[in-house]
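Heads up, the thing below is written out as structure tokens.
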């Protein structure tokens, strides 16, 4: 199979020599997801031409939804408002909502005004749900049936509505007020007999989510109960839409990226393919915050100028204190953040988790403290220095364990993202504590160390 | 809804007072995935009783597969070989393979010998595939049809085979040598008419994976092409089994956990619910390695003893150099590792990615270097100190960007896990470079700094 880069080169050559029909055939043979990378390698005029070709084949919409959203602005920039509106009008509502978010504020109203009224109204409705909620991720096409229908009648109904049957994995059984009563997996419909009624085939009391639920909650439900789709309901259990597993996988990947990024002080939009100036703008505020944090640590070290002046060897061990404390904190932080994301704390509890992390940190701190204390003694020939390093490591690792475990749990309890800023916060506090403990003990034992 | 902890308490009380029938009803009302956390909170004798109760209802197997695997040993310990074999015999092969891996070496053969011969043979076959490969994750129950079959005939076939239709989302069309020719989504079978033939309904040239492909590759295919299941084939394109999306979601979560853990120097099995002694044993080797790395940095600092003795203020800025370099390296590392995991490098390329990270690092290094150089000048009143800090930050951030981007890409190119050890390696090298640069420049400009 050709790499995306090779396909881009071929496509480019076809376009340059005016062989549009062949370019169209090449594009037609590709799967929607494979067109994304190719599109992202083109210049704006080329993008315009390719989108036109795809549009004629009703393939432009499905191609756009397959692009990483961070690449959308450059594609949008190459297209006029009317063309963009025509493409957007062909999308499922959840994809439309997502794409529109990446449109410049100034253009958004102009493009949306060109959408058919029906879609415009549905979009407005969807925008009433909170960002990253189930309501925004659902599609609004689904098959709702009455309890008394037979499998045969249900199959007929599906045939009549399902020009695009993409979303039909479950049928939803509702009462006369459209309240959700059960689900029938479509494979059940086939495997049962033609005369079985829905009341008989359905799984009663199905798992559903409220429209205002967080998308992370949806992802946890799908993962936990092995679902292919989750119905979205309002306060009165009336079905509003459906979230399918492919969208859930996107959410899972997004949330994992967010957590990893937040631990490193990165913003979600800072991706491998974002332009450098974009990455710089996103990273700079965090790095300046980190700089402030390191200067705070520097100031703490500065308080011990006289001690350092007396025993310069203390400075040698500062990397040991900071490196070990920082790593210990990040380990606890990673274990807890991941457990929160995967809903694993139900197998433990917040308090037990903190207790365990602290126990682990103290034992690991004691062992590495003994080793490093002994090494320091061998190197500098002063047993008190070894003792100071041992005490510092033990105390710093314990603090790292407490902070690493407690900070994300506290943020979570406060309704905040458990990972945002945790990394910088935990390592800074651990560093400051570690330096203060090490140099403080060094100051107290100054006479012994100078001996 | 009751929390798992509350349900555990109720269950415990029922068992203690001998109300087994009520305990059984309580368990029966729960979904398989909800029984896992409850089970994990019980004592060994309680586990034995609950598993017996579940087994009578044919629910023990489905409950075990819903537990985080790290909790399995304690459950296994509470069960005898025969009971365990009886439960395992009821599992899908992919789940069986996974569970058996968590069984103590000593017990494994004894338990496996008690499995029916057919399952034993299939299991042996499956173990010929590499760990974490598609062959190990597939289920071997699927529906294969001939091209000439009508939808009605296909539906009859499904009814005849599908006692448990869990895995039937697609039908696989094969030729007379069982080579995969196409797939028919089951919803297509329903939405088309009863007389349509498979050749007509099928999607030809479907996406498939070889049995020895890595499970991460399967996850990327499912994510990319929005599939519900992927057929697994041998070298000659003969269908061997199917991997379903629920297993793929597990793989996605596992791989994300692995990457996050590896960046922090953690082992995958060190989870929130693992006992403390287990976590200590897993973390200690990494922490000792990290200790060695920090001592290497300490030794480099020690080389500049005379410089530090002369200008003790240089020691104050060591946390700034290490903190900023380390964070810069981890940022580049995180962006690249995540891009590799999500297959996003096809939207860029390895070389372009390194180039971008270095550009970003240099610009961010220049800006934070200017700020920190100026702050250092204000604090210590020496312009040369500011200059040294500026130069160090610029160079260290550049090195951090290069290492953070190049290390995971190199590991990947060598066929290694891009995240294992990268974190410790990148931060150590960055720290050492940073200290050497800072104290080295300080040594060269010693006269100016002492002024």
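Chains as they are written, first to last, in our numbering: chain B, 568 to 1018; chain G, 568 to 1018. In this text, a Cβ means the ideal position worked out from N, Cα and C, and glycines have one as well. Since the model is a prediction, treat every value here as computed from it, not as a measurement.
In angstroms with no decimal places, state the Cα-to-Cα distance between residue 870 of chain G and residue 902 of chain G.
In a straight line, the C-alpha of residue 870 of chain G is about 34 Å away from that of residue 902 of chain G.
Run through the region 734 to 764 of chain G for me and flag every whole alpha helix (DSSP H) of 4 or more residues, listed as ranges in chain order.
Fully enclosed alpha helix (DSSP H) runs of 4 or longer: 753 to 758.
Kindly say whether residue 1016 of chain G, judged by its beta-carbon, lies nearer than 8 Å to any beta-carbon of chain B.
By this cut-off, residue 1016 of chain G is not an interface position.
Quick one: which chain G residues come within Cβ less than 9 Å of residue 649 of chain B?
Ordered by position in chain G, no residue passes the 9 Å Cβ test against residue 649 of chain B, which lies about 28 Å from the chain.
Would you report the Cα separation of residue 741 of chain G and residue 964 of chain G, rounded to the nearest angstrom?
Using only the alpha carbons, I get a separation of about 56 Å.
Does any residue of chain G bring its CB to less than 8 Å from the CB of residue 762 of chain B?
Chain G, which has no Cβ nearer than 8 Å to the Cβ of residue 762 of chain B, makes this no.
If you count every other CB in all the chains shown that lies within 10 Å of the CB of residue 584 of chain B, and 16 or more means buried, which is it?
Exposed, because fewer than 16 other Cβ atoms sit within 10 Å of the Cβ of residue 584 of chain B.
Does DSSP put residue 683 of chain B in a helix, a strand or coil?
Coil.
Name the chain G residues that come within less than 8 Å of residue 911 of chain B, Cβ to Cβ?
Chain G residues near residue 911 of chain B: 635, 838, 839, 840.
Within this structure, are the beta carbons of residue 863 of chain B and residue 995 of chain B separated by less than 8 Å?
Contact flag set, yes.
How is residue 986 of chain B classed by DSSP in three states: helix, strand or coil?
The answer is coil: DSSP assigns residue 986 of chain B none of H, G, I, E or B.
Can you pull the chain G neighbours of residue 722 of chain B, defined as C-beta to C-beta under 8 Å?
Residues of chain G passing the Cβ test: 757.
Give the straight-line distance between the Cα atoms of residue 832 of chain G and residue 927 of chain G, rounded to the nearest whole angstrom.
Roughly 26 Å separates the two Cα atoms.
Do you know offhand how far residue 759 of chain G's Cα is from residue 852 of chain G's?
About 60 Å.
Do three or more CB pairs link the region 722 to 729 of chain B to the region 677 to 691 of chain B at distances below 8 Å?
No: fewer than three Cβ pairs fall under 8 Å.
Do residue 968 of chain B and residue 925 of chain B have their C-beta atoms within less than 8 Å of each other?
Going by C-beta atoms, residue 968 of chain B is nearer than 8 Å to residue 925 of chain B.
Three or more beta-carbon pairs under 8 Å between the region 593 to 600 of chain G and the region 617 to 633 of chain G, yes or no?
Contact between the region 593 to 600 of chain G and the region 617 to 633 of chain G is present, because at least three Cβ pairs lie under 8 Å.
Counting only beta-carbon separations shorter than 8 Å, does residue 903 of chain B have a partner in chain G?
Yes, its Cβ sits closer than 8 Å to a Cβ of chain G.
Confirm, please, whether the CB-CB distance from residue 643 of chain G to residue 670 of chain G is below 8 Å.
Their beta carbons are under 8 Å apart, which means residue 670 of chain G touches residue 643 of chain G by this criterion.
Can you give me the C-alpha to C-alpha distance between residue 953 of chain B and residue 876 of chain B, rounded to a whole angstrom?
Using only the alpha carbons, I get a separation of about 19 Å.
I need the straight-line Cα distance from residue 874 of chain B to residue 939 of chain B, nearest angstrom please.
Cα to Cα, residue 874 of chain B sits roughly 21 Å from residue 939 of chain B.
Kindly list the residues whose CB is nearer than 8 Å to the CB of residue 593 of chain G, restricted to its own chain and excluding five residues on each side of it in sequence; keep chain order.
For residue 593 of chain G, where only same-chain residues beyond five positions count, the Cβ hits under 8 Å are 574, 577, 578, 581.
Would residue 512 of chain B pass as a contact of residue 572 of chain B if the rule is Cβ separation under 8 Å?
No answer is possible for residue 512 of chain B: it lies beyond the span of chain B, which begins at 568 and ends at 1018.
Using a Cβ-Cβ distance under 8 Å, would residue 663 of chain G count as near chain B?
Taking Cβ atoms only, chain B never reaches closer than 8 Å to residue 663 of chain G, which makes this a no.
Evaluate residue 778 of chain G with the Cβ neighbour count: other Cβ atoms within 10 Å of its Cβ, from every protein chain shown; 16 or more gives buried, anything less gives exposed.
The residue in question, residue 778 of chain G, is buried, as its Cβ has 16 or more Cβ neighbours within 10 Å.
What did DSSP end up calling residue 839 of chain B once you bin it into helix, strand or coil?
Three-state result, residue 839 of chain B: coil.
Compute the beta-carbon to beta-carbon distance between residue 896 of chain G and residue 971 of chain G, rounded to the nearest angstrom, for a pair I have assumed lies under 8 Å.
About 4 Å; that satisfies the 8 Å criterion.
Which residues of the region 588 to 602 of chain B have a Cβ closer than 9 Å to any Cβ of chain G? Give them in chain order.
Residues 598, 599, 600, 601.
By Cβ distance, which residues of its chain are closer than 8 Å to residue 716 of chain B, with the 5 residues on each side in sequence left out?
If we look at residue 716 of chain B and ignore the five residues flanking it on each side, its Cβ neighbours are 724, 764, 765.
Since residue 885 of chain G and residue 960 of chain G are thought to touch, with beta carbons under 8 Å apart, how far apart are those beta carbons, to the nearest angstrom?
About 13 Å; that fails the 8 Å criterion.
In chain order, what residues of the same chain have a beta carbon less than 6 Å from the beta carbon of residue 636 of chain G, not counting five sequence neighbours either side?
Excluding sequence neighbours, residue 636 of chain G sits near 669.
Please decide whether residue 787 of chain B counts as near chain G, where near means a Cβ-Cβ distance under 8 Å.
No, its Cβ sits nowhere closer than 8 Å to a Cβ of chain G.
Give the interface partners of residue 920 of chain G over in chain B, defined as CB-CB distance under 9 Å, in chain order.
Going along chain B in sequence order, the residues near residue 920 of chain G (Cβ under 9 Å) are 839, 840.
What ranges does the beta strand (DSSP E) occupy inside the region 761 to 842 of chain B, keeping only unbroken runs of at least 3 residues that lie completely in it?
You should have 796 to 800, 806 to 811.
Please tell me whether residue 711 of chain G and residue 737 of chain G are closer than 8 Å, where the distance is taken between their beta carbons.
Their beta carbons are not under 8 Å apart, which means residue 711 of chain G does not touch residue 737 of chain G by this criterion.
So is residue 565 of chain G buried or exposed if we call it buried at 16+ other beta carbons inside 10 Å?
In the structure as shown, chain G begins at 568 and stops at 1018. Residue 565 of chain G is therefore absent and cannot be evaluated.
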